[in-house]
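> The structure's right below; bear with me while I get my questions together.
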Amino acid sequence: MYFKLIAFFTSLLFTHTLIAQTDSLKLANSLLLVGLKYKRLSDYDCAKHYYHRALVIFKNIDNQEKIADTHNKLGSLYNKISNYDSATFHLFKSKEINELLTSTEGKVGLLKNFVNLSSLFAKQLDDQTAIHNDLNGQN
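Here it is, written out as structure tokens:
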């Protein structure tokens, strides 16, 4: 099943690559979708790869809403794998961009940022408590 899914997304990406030679936004959105599918499959390295590829394209076409959204997705992903420095960077970068946006999408993006930042801080606190308990023999 896993290999069929990978083959499907690879062919999907190839198809969108051909189409997207003239439409970078569609290609970047496709890359985000592929990254999301890999995240759901817990293949976080592949998810990061596709998110970063999408981010480059969004930056090239200067789509601030999508840049912010992709940073938010990366921050959430890095939080999931306990890479707190990268999670913090991407979540705050997304928040910074969303604060400058006047669109509804920017405001919704800010809400997502706050949810993900709360999750990040809670997870860091849990990990610090666990480390403290381990060091003090309180399991």
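Throughout the sequence shown, residue numbering follows this note's numbering, covering 67 to 205 in sequence.
Note that CB positions come from ideal geometry on N, CA and C, so glycine has one too.
All values reported here derive from a predicted model rather than from experimental measurement.
Going by C-alpha to C-alpha distance, which of 150, 134, 189, 142 sits closest to residue 168?
In the sequence shown, residue 168 corresponds to position 102, counting from 1. Closest option to residue 168, Cα to Cα, is 134.
> Which word fits residue 123, buried or exposed, when buried means at least 16 other C-beta atoms lie within 10 angstroms of its C-beta?
Residue 123 sits at position 57 when you count from the first residue of the sequence shown. Label assigned to residue 123: buried.
> Around the C-beta of residue 198, are 16 or more other C-beta atoms found within 10 angstroms, so that it is buried, or is it exposed?
Locating residue 198 in the sequence shown gives position 132, where the first residue counts as 1. Residue confidence is low: residue 198 scores 47 on pLDDT, short of 50, so the model does not pin down where it sits. Its coordinate-derived value is still stated next. Exposed, because fewer than 16 other Cβ atoms sit within 10 Å of the Cβ of residue 198.
> When the Cα atoms are used, what is the spatial distance from residue 114 to residue 177?
Within the sequence shown, numbered from 1, the residue matching residue 114 stands at position 48. Within the sequence shown, numbered from 1, the residue matching residue 177 stands at position 111. Their Cα atoms are separated by approximately 22 Å.
> Kindly list the residues whose CB is nearer than 7 Å to the CB of residue 152, restricted to its own chain and excluding five residues on each side of it in sequence; keep chain order.
Numbered from 1 along the sequence shown, position 86 holds the residue referred to as residue 152. So the qualifying residues of the chain are 144.
> Which word fits residue 160, buried or exposed, when buried means at least 16 other C-beta atoms lie within 10 angstroms of its C-beta?
For the purposes of this step, residue 160 is taken as the residue at position 94 of the sequence shown. Label assigned to residue 160: buried.
> Can you tell me where the alpha helix (DSSP H) with residue 163 in it begins and where it stops?
Your numbering for residue 163 matches position 97 in the sequence shown. Segment 150-166, the alpha helix (DSSP H) holding residue 163.
> Need the endpoints of the alpha helix (DSSP H) that residue 133 sits in, please.
As a first step, residue 133 must be located in the sequence shown, where it is residue number 67. Here the alpha helix (DSSP H) through residue 133 covers 130-146.
> Taking only the alpha-carbon atoms, compute the straight-line gap between residue 89 and residue 121 and give it to the nearest angstrom.
Start at 1 with the first residue of the sequence shown, and residue 89 comes out as number 23. Start at 1 with the first residue of the sequence shown, and residue 121 comes out as number 55. If I take the Cα positions, the gap works out to 15 Å.
> Around the Cβ of residue 96, are there at least 16 other Cβ atoms within 10 angstroms (buried) or fewer (exposed)?
Residue mapping note: residue 96 aligns to position 30 of the sequence shown, counting from 1. Its Cβ being crowded by 16 or more others within 10 Å, residue 96 is buried.
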